[in-house]
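Heads up, the thing below is written out as structure tokens.
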Amino acid sequence: MIAHYMIFLDLTDDDVLDPDAAVQMMEQLGSDLEALDKGFLRELIDAFAVITPEYSGEAQEVVRNIAHSFYLEEVLAADDPMRLAELEALRDARA
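Going by our numbering, the letters in the sequence shown line up with residues 185 to 279, in that order.
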């Protein structure tokens, strides 16, 4: 459900979906994801990797990057400064 929602928000043409509305909905989704129980959030992050091959092209890239786009690993590592530093290094290397 989340993957389909993200694909819609990210890949729908601007003449069909107002870009400002799409950004607002992504921000709300990010906030909702951050509020999830940490155990469930871990399972959800892992599930994105499992379902990514079900998509192709740009949609596959959107699904692959959901956790990255919303900083979900950082949410899980909020109480672990060493893990946060590792994630920041990985993010810097990816940029």
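No residue lacks a Cβ here, since even glycine has one placed at the ideal position from N, Cα and C.
*Can you name, in chain order, every residue of its own chain whose Cβ lies under 6 Å from the Cβ of Ser253, other than the five neighbours on each side?*
none
Cβ distance (whole Å) where Val247 is taken to contact Phe232 below 8 Å: Sure, about 6 Å apart at Cβ, within 8 Å.
For this session: Report the option in Leu274, Glu257, Leu193 whose CA atom is closest to the CA atom of Phe224.
Result: Glu257
How is the alpha helix (DSSP H) around Asp216 delimited, first residue to last?
203 to 218
Worksheet item: If you check the beta carbons only, do Ile191 and Ala243 fall under 7 Å apart?
Response: yes
I'd like to know whether the C-beta atoms of Met210 and Leu195 end up nearer to each other than 7 Å. no
Leaving out the 5 sequence neighbours to the left and right, which residues in its chain are closer than 7 Å to Asp261 when beta-carbon positions are compared?
-> Before going further, note that residue 261 is Ala rather than Asp in the sequence given. Closer than 7 Å at the Cβ level, and outside the excluded window around Ala261, lie Arg267, Leu268, Leu271.
Suppose the cutoff is 6 Å on Cβ atoms and the five residues either side in sequence are ignored; what does the same chain contact list for Ser240 look like? Closer than 6 Å at the Cβ level, and outside the excluded window around Ser240, lies no residue.
> Leu213: which of Ile250, Asp199, Pro203, Asp264 sits nearest, CA to CA?
Replying inline: The residue with the shortest Cα to Cα distance from Leu213 is Ile250.
request  = In the DSSP assignment, find the unbroken alpha helix (DSSP H) run with Pro265 in it and report its ends.
outcome  = If you look at Pro265, you'll find it in the alpha helix (DSSP H) that goes 265 to 278.
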